[in-house]
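To keep things clear, I will list the structure first and then write my remarks on it.
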Ligand code: FES
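Numbering (our numbering), first residue to last: 1254 to 1322.
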């Protein structure tokens, strides 16, 4: 998933993936372009939406990176 991509590429996002993809943080919050968002293969589940509500600066095209397969 996308979190693995970030980790594999040593992308330096401060605090990204603090809970290691267990939907217990919102540090992997990503904001997509509308076009990219529409191309994502999966919809956010309820747990992801709940956690996104806690994320800073949430937008209509926000996702949690660890949940984007
Ligand atoms: Fe914590 Fe994604 S890494 S919710």
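Just so you know, even glycine gets a beta-carbon here, dropped at the ideal spot from N, CA and C. Treat the numbers as computed from the prediction; the structure is a model and nothing was measured.
DSSP bridge partner residues for residue i (one or two, in chain order)
i: residue 1292; result: The partner list for residue 1292 (beta bridge, DSSP) is empty, contrary to what the question assumes.
i: residue 1321; result: Residue 1321 is not bridged to any residue.
i: residue 1315; result: 1284
Cβ separation of residue i and residue j, assumed to be a contact under 8 Å, to the nearest whole Å
i: residue 1279; j: residue 1307; result: 5 Å
i: residue 1318; j: residue 1283; result: 5 Å
i: residue 1320; j: residue 1297; result: 7 Å
For residue i, the first and last residue of its enclosing alpha helix (DSSP H)
i: residue 1301; result: 1299-1306
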